[in-house]
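Trainee: The structure that follows is given in the form of structure tokens.
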DNA sequence: GTTGACCTTACCCTAAGGGCAAGCTTTAGC
DNA sequence: GCTAAAGCTTGCCCTTAGGGTAAGGTCAAC
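Encoded structure:
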């Protein structure tokens, strides 16, 4: 028999199960990614399986570098049965371009800095090609 | 004849000459990278050639991705006649490692996201490999 | 003398949470 | 039943490197 009971867990359990922190989960709620969680009489947040799944989705999307705003859009499409995969792919490719640009910027920095470092003796003398390079 | 006059410029001129913004220059002063600038009687900041050179140094270092704290150390070494280029090179290589790690992280993201995007049809159908991939 | 450009400080805003404090609730042990 | 520990709540301040704006003082040109 499948487990038909929709188990409810507190935020600490949800954090453990998703690998997020409780703080992140509250933050995502406040940021509007999740609907307001149901509460116990004492005010404790409770999460069901579906909500845990959404948290997992958010975690994966964050791991791919999507911003909270972008994830909000992704979740909207995720929940929308009338979505087209074209819309999703567009979002993904926009983000992909952002990533590629950041990589290019960092590689440019890396290249310049490596050049400077390579031309610095790294000895006891004060003369330093890195400082000279920064001074130009 | 060399120009022996130590020309003084206001923050707007300094910004124009260095390519920084006035806001950045004030921020660097407040962050302790620069000594407090001299002021006119009216309270306007004044910069001499040496200070403009320091601002240029900061700009170059920022362009290479050094943080304000790191630049503070670099400036300390720059001003220290007893420095060893070894110290400078150490700082540079630490930063280089940070950059390399960020590049690696971004490339990992890029690779995963590219895979997902490639496997998404991007058509009118709701079925979407990207969303499926995020759901796991 | 007045207008426009320039300068000042001060305050709020960004992204994505981390850390801490004060206080309530639940659970476990005795 | 009592108590201590662990878990939960909200609220506040902190992070980076400045951007934006407001209210007000200053300087130069006309």
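Protein chains in written order, with this note's numbering: chain A, 2 to 137; chain B, 2 to 137.
From the three backbone atoms N, C-alpha and C, an ideal C-beta is built for every residue, glycine too.
The structure displayed is predicted, hence computed values, not measured ones.
If we require 4 or more residues per run, which alpha helix (DSSP H) segments fall completely within the region 17-58 of chain B?
Mentor: 23-31, all fully within the region 17-58 of chain B.
Trainee: Taking 8 angstroms as the CB-CB limit, is residue 10/A close to chain B?
Mentor: By one-based count along the first chain, residue 10/A stands at place 9. Chain B contact via Cβ: absent.
Trainee: Interface residues of chain A around residue 90/B at Cβ under 7 angstroms?
Mentor: To locate residue 90/B, count along the second chain from 1; it is residue 89. Those are 118, 121, 123, 131, listed as they occur along chain A.
Trainee: Tell me, which residues are paired with residue 104/A by DSSP?
Mentor: Taking the first residue of the first chain as 1, we reach residue 104/A at position 103. DSSP lists no partner for residue 104/A.
Trainee: May I have the straight-line CA-CA distance separating residue 65/B from residue 53/A, to the nearest angstrom?
Mentor: Walking along the second chain from the start, residue 65/B turns up at place 64. Walking along the first chain from the start, residue 53/A turns up at place 52. Whole-angstrom Cα-Cα distance: 41 angstroms.
Trainee: Give me the subset of the region 51-65 of chain B whose CB atoms are less than 8 angstroms from a CB atom of chain A, sorted by chain position.
Mentor: Listed by position, the residues of the region 51-65 of chain B near chain A (Cβ gap below 8 angstroms) are 54, 57, 58, 61, 62, 64, 65.
Trainee: I'd like the span of the alpha helix (DSSP H) that includes residue 80/B, first residue to last.
Mentor: Here residue 80/B refers to the residue found at position 79 of the second chain. It spans 69-80 - the alpha helix (DSSP H) in which residue 80/B sits, taken as one unbroken run.
Trainee: Would you list, in chain order, the members of the region 93-107 of chain B that have their beta-carbon closer than 9 angstroms to a beta-carbon of chain A?
Mentor: Residues 93, 94, 96, 97, 100, 101, 103, 104, 106, 107.
Trainee: Please decide whether residue 111/B counts as near chain A, where near means a Cβ-Cβ distance under 8 angstroms.
Mentor: On the second chain, residue 111/B is found 110 positions in, with the first residue counted as 1. It does: the Cβ of residue 111/B has a partner Cβ on chain A nearer than 8 angstroms.
Trainee: Just the chain A side, please: which residues come within less than 9 angstroms of residue 83/B by C-beta, in chain order?
Mentor: Walking along the second chain from the start, residue 83/B turns up at place 82. Those within 9 angstroms of residue 83/B in chain A are 127.
Trainee: How long is the line joining the alpha carbons of residue 137/B and residue 127/B, rounded to whole angstroms?
Mentor: Translated into the one-based positions of the second chain, residue 137/B becomes position 136. Translated into the one-based positions of the second chain, residue 127/B becomes position 126. Using only the alpha carbons, I get a separation of about 17 angstroms.
Trainee: Note down the Cα distance separating residue 81/A from residue 95/A, rounded to an integer number of angstroms.
Mentor: Translated into positions along the first chain, residue 81/A becomes position 80. Translated into positions along the first chain, residue 95/A becomes position 94. Their Cα atoms are separated by approximately 20 angstroms.
Trainee: Do we get a CB-CB distance below 8 angstroms when we pair residue 34/B with the residues of chain A?
Mentor: Counting from one through the second chain, the residue named residue 34/B turns up at place 33. Taking Cβ atoms only, chain A never reaches closer than 8 angstroms to residue 34/B, which makes this a no.
Trainee: Kindly indicate the opening and closing residues of the alpha helix (DSSP H) around residue 134/A.
Mentor: Translated into positions along the first chain, residue 134/A becomes position 133. Residues 130-136.
Trainee: Of all the CB atoms in chain A, is at least one closer than 8 angstroms to the CB of residue 71/B?
Mentor: Taking the first residue of the second chain as position 1, residue 71/B is located at position 70. Not closer than 8 angstroms to any Cβ of chain A, the Cβ of residue 71/B fails to qualify, so no.
Trainee: Would you verify that the beta carbon of residue 115/A is, or is not, closer than 8 angstroms to some beta carbon of chain B?
Mentor: Position 114 of the first chain holds residue 115/A. Yes, residue 115/A counts as interfacial toward chain B.
Trainee: List, in order along the chain, the chain B residues whose C-beta lies closer than 9 angstroms to that of residue 136/A?
Mentor: Taking the first residue of the first chain as position 1, residue 136/A is located at position 135. The contacting residues are 54, 57, 58, 61, 79.
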